[in-house]
Structures are given as structure tokens and as C-alpha cells.
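What follows is a set of notes on a single structure, which appears directly below.
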Amino acid sequence: MKLDDLVTSSHSWMQGNGPESDIVFSSRVRLARNLADNIFPNRATPNEKAQVLERILAAVKDLEHFKDGLTLKMDELEELDKQFLAERYLISRELAGGGAGSAVVISPDQSMSLMINEEDHIRFQVLLSGFRLRECFAIASQIDEQLETRLEYAYSPRLGYLSACPTNVGTGIRISAMLHLPALILLRQIEQVLQAIIKLGLAVRGLYGEGTEWFGNLFQISNQVTLGRSEEELIASIEKVIRQVMHSEKAARTSLLKTKSAVLYDKVGRAAGILGNAHIITSRETIDHLSTLRMGIDMSLVGDLDRQAVNELFILTQPAHLQKIYGKTLDASVRDVERGTLLRQRLLEK
Amino acid sequence: MAKPRLCDVCHEHPATVHYTEIVNNKLTKFNLCENCAREKGLGVASHFSVAEILKGLTEATPEEAPEAQLTCDFCGLSFGRFKKVGRLGCPHCYETFYEQLEPILSDVHKNTEHVGKSPSAGAMIDTTTKRLGELNRELKHAVENEEYERAAQLRDEIKQLEHPQGPAGNET
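For the record, the sequence lines run as chains A and B.
Quick note: the first sequence uses our numbering, first residue 1, plus one each step.
Quick note: the second sequence uses our numbering, first residue 1001, plus one each step.
In C-alpha cells form, the structure reads like this:
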């Protein structure tokens, strides 16, 4: 497996399936772990980082989850490749910024990736399509249990897994889900919902577009607390909140369909029209229309569109992906033209 | 065509990354160019807000205070330095700075003791300790919620764990 093989391949989570995937695009669990008696990456010398890297790579090499996977060292990658991996959520921007001593190991289906010498010695994630937090955690746990027989973790009975940043100490877990909430935005109920989530001690992030309209209508909900509550407790509480948000979004979709069905059909139709015919289109405009189109598919307002194709376009139309697909660096204005070409091709292909 | 909005940081390049973050009830919006966004480490797994939180929590201590001079024997990190960078230097820092970290942990997590997974070797040794911790937490919760029957059950279970041979609570 080579990095360039990823360009033409689809993530398991890009397929847009799994439970509740009309609203929950993806579920993710990430665990942070460090090696006992080793300096954390931010303070380690290049030599110490290199030693830690080799030890961890040796331990990961025979893990069944990463068998036939891809190991990439950050100092051997081009900037474009790092950006490409970050757009796929396979590495963080922080790892992309790290040089010698940092690496990532990616499972063949790309649902699992393990970063070495990011903020912590080890951070691995399981990313699946749909609402599957428990499954993500179960797999992450298996990886964890196999790793701990090969490496000695920094662990204290009182504080749990010790991390470079005290905000991750304890379980070292970050549980997150990407939610698609277009109807709540159309009905202007989103602020209320977001405030409620925050009050419950969770973090919400989103990309946003013009004015008050959120960019792509996508929100990531995640836990902030990692100490003093077990993984199961944290998952249960975040699941509960997600279910409530899902319920609100579903109610908003039903209400829209009842009271503003013409507006809804018009929006979806226009989004399909623009994406299928535009010749110059920015990343932001693309994501906004893809979101509308995806809502149209999920609400059965459009019949003849492939959900997976639309899903994949969220990722494929990102700047580094476009450049990898076309095999060269392109500046923003050229990318807007190539993005249009790619969209027309993909949406007509079906 | 409308003039593109310029990056909030460099005010030179067009802002192509639009980012909103709500952490601890604070909503912040950014319009950044690609370069500045990358420098800020913006992405789904971004942590710069966490550093901000830490800074806010720890900036009350003056630089020359004795605790700022406290230094970890293993990695050489001083507490003063930690407050600047928001990252510890090694696992031993948690012992060295425990007293200073405790209020931070309490603010961030509303808790100062781990509950949950542990490496399996360790788990064998302190299962009882961990279970006791869990039960005590549940007890506190039950009392707070005025679930007295549940609280009584929990007290019995705690007693039994603490004195495995002795009689359990109000069983006679």
C-alpha cells in the first residue's frame, strides 16, 4: 500500500452508511497514550523522539489491525501529502506540522490510524460511518489492549493514562461525532441546540460560511472531560445528547417538509443544478451545496443520486485532494475550475 | 464581484478558512487564509483552544512565585514553563506538580481521580481500590439526589469491600 493508493480509494466512513447516517455522518473515538519514563514529544530531543518512534513502530508492526497498513514518516512527506492526509482526518494538523520523529500508521481500510509523536507519544483513532461510537470504542480498546502487552504505558492509578496536556489525562479519550444539521439551521433553531449542548459540558465545533449560515451545516460534538468518568459513562452521556440533537433535526426536517416543501425542493434542486453544471466553484460553495444535496437525498427529495458519490465529494473537492487527483500543485483559482470539472464528472457518472 | 474578505491575522491574503469554535460558552469566529490557518494548527483535531483554557486557568500565578520555580527532576520542566506552553514534559511531571495541577484538573474535569480503563496488569492489583472509588462516587451521587435506599445499599457494599470478613451493614 502506498500513499497515492489512497487518492483513488474510499474510506469505509466515506460510504455514508451505518445507523442514523442521514444525520450522523461519522463517529470517532481517539485514545491518547504515552510511554512510561519517556519525555513527551514537545520536550524530547530529536534523538529521544527517534527512539520512541522506532519502539512504537516495532510494537505496531505486528498488530492485526494495522496488518498490510501504511506507515508514513512526516519528514519523508511533501506538504501536499500531509495536507491530503489531514483532509481525510487520518492525521491532525499538529502532526502534519511535526517533522522528524513523527509518523502515522494507517489501516488498509483507513478506518484506523495511529499517530506517533504528535502531542502524545501515541494517539490512535477509529473512525466509522454513521452513529457507531460504541463500535469505535470497542475496536480502539482492542488496539489498546494489544499495545499494552508490547509497550509500558505511562499510567497512574490515581490519574489514569498520563498525557502531555492535563486536559487529556485520565481516560485519554476523545469521543466525537460529525452531525449534519441543515434543517435546524434553516429553521434558525441551531443556536438554541448548540447552547444546550455546551451547557451539558460538551464541545461543539463547526465550519461556517456567509453571515449566520454555518459552513456545510456540519458540526462536531465531542467530550471535554477525560478524568473521573469512565469511557462507558462518557460514551453514554454523549450518545444521549446526540440522540436529542438527532431528534430535533428530524423534527425540523418533518416540519420543513410540511410547511415549506416548495422551498425545500427548490433549494435541493438548485444545489444539484449548480454542482452539476458549474465551471468555477469554490470549496465553500461546494460544501454548502453538497450539504443541501445530501439533505435532499436523505429526505428522499431526489431519487437518482448516489449517496456515496455525494459523500465522497465532501472530501474529494478539498484543496489537497484536488491537487492529488490532478497530480500537481494548483493555485486557488485553478482549483476552482478543476473542482467544477470533477463535480460535473462525478455527478453525471452516478 | 465582491471583494474577498481578508485574513483576520495577516490582513494580506483572502480568508478561505472560516472557523467557529464554542468552548466553555465562548463563541469565537475566525476568517483565516490558508497559511495562517495552518500556523494556528486549525483542523478537526485542533487543540489551540485547550491551550487558551489552560492559560486562563494558570495565569493567576506570578512568574517569580516559588511554585513557578518548581522543577521536574526527570525532564527539567519548571512549573513556570508549563504555564507558558500548556504541556507537561514527561509522565513524572504529574507527581512533581501534583499540588499545582490538582486545581487545574478540578476546573477542567470537575474531578481529580481516574475512573475507567487501566492497563490490565495494573487492573489486577487495584480492582478493589477502583471499585471502592466507583462506589463512593455513586454514593455521593445518590445522597445528592436524595436516593436514600440506593445510598444504604451502596454503604453496605462499601463496608463489605473495606472489611471483607466483617458483617455487611445492617444485615444481622
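The beta carbon of each residue, even a glycine, is placed where N, CA and C say it ideally should be.
- When secondary structure is reduced to three states using DSSP, L257(A) falls in the helix class.
- Runs of the alpha helix (DSSP H) lying entirely within the region 57-88 of chain A, each at least 4 residues long, are 79-87 in chain order.
- When Cβ pairs closer than 8 Å are counted between the two stretches, the region 30-40 of chain A is seen to touch the region 119-132 of chain A, the count reaching three or more.
- With contacts defined by Cβ atoms closer than 7 Å, G101(A) and L53(A) form a contacting pair.
- Under DSSP, the beta-bridge partners assigned to G170(A) are Y161(A).
- Taking a contact as a CB-CB distance under 8 Å, the pair I175(A) and I235(A) counts as one, their CB atoms being some 6 Å apart.
- Inter-residue distance for R123(A) and C165(A) is about 13 Å (C-alpha atoms, whole angstroms).
- In the pairwise beta carbon analysis, the region 301-308 of chain A is classified as not touching the region 62-78 of chain A: fewer than three pairs are separated by under 8 Å.
- Across the region 224-251 of chain A, CB contacts with chain B closer than 7 Å involve V225, T226, L227, G228, R229, S230 and E231, in sequence order along the chain.
- Of the residues N217(A), I143(A) and M178(A), the one whose Cα lies closest to the Cα of I185(A) is N217(A).
- Residue-level contact check: N42(A) touches chain B, since one or more beta carbons of chain B fall below 7 Å from its beta carbon.
- For A1151(B), the enclosing alpha helix (DSSP H) covers residues Y1148 to E1162.
- The beta carbons of L1139(B) and L1161(B) sit no closer together than 7 Å.
- For the pair T286(A) and T317(A), the CB atoms are nearer than the 7 Å cut-off.
- Under a 10 Å Cβ-count criterion, Y1148(B) is classified as exposed, with fewer than 16 other Cβ atoms of the shown protein chains found around its own Cβ.
- If you draw a straight line from the Cα of R346(A) to the Cα of Y326(A), it is about 14 Å long.
- Residue-level contact check: V1115(B) touches chain A, since one or more beta carbons of chain A fall below 7 Å from its beta carbon.
- With a threshold of 7 Å between beta carbons, P1103(B) makes no contact with chain A.
- H1011(B) counts as exposed, since fewer than 16 other beta carbons sit within 10 angstroms of its beta carbon.
- Collapsing the DSSP output to three states places V225(A) in coil.
- I143(A) counts as buried, since at least 16 other C-beta atoms from the protein chains shown sit within 10 angstroms of its C-beta.
- In the three-state DSSP reduction, R30(A) falls in the strand class (E or B).
- In this structure L1032(B) is not in contact with C1072(B), their Cβ atoms being roughly 35 Å apart against a cut-off of 8 Å.
- Taking all protein chains in view, the Cβ of K258(A) is surrounded by fewer than 16 other Cβ atoms within 10 Å, so the residue is classified as exposed.
- Secondary structure note for R123(A): its beta strand (DSSP E) is the uninterrupted segment I122 to S129.
- Per DSSP, reduced to three states, the secondary structure at T1096(B) is helical.
- Taken atom to atom, the span from the alpha-carbon of E135(A) to that of I238(A) is near 14 Å.
- For M295(A), the enclosing alpha helix (DSSP H) stretches over residues S283 to D298.
- Relative to the Cα of G1076(B), the nearest Cα in the group C1090(B), A1037(B) and P1066(B) belongs to C1090(B).
- Counted as a single uninterrupted DSSP element, the alpha helix (DSSP H) harbouring A309(A) occupies residues R307 to L316.
- Between V204(A) and H1109(B), the gap from beta carbon to beta carbon reaches 7 Å or more.
- Between the alpha carbons of E152(A) and N47(A) lies a gap of roughly 20 Å.
- Per the coordinates, the alpha-carbon of A252(A) lies some 12 Å from the alpha-carbon of H180(A).
- Under a criterion of Cβ atoms nearer than 8 Å, no residue of chain A is adjacent to G1080(B); the nearest Cβ is some 14 Å distant.
- Check the Cα spacing between D120(A) and each of P1066(B), Q1153(B), L1088(B) and V1115(B): the tightest is with L1088(B).
- With a cutoff of 7 Å on beta-carbon distance, K324(A) and V7(A) are scored as near each other.
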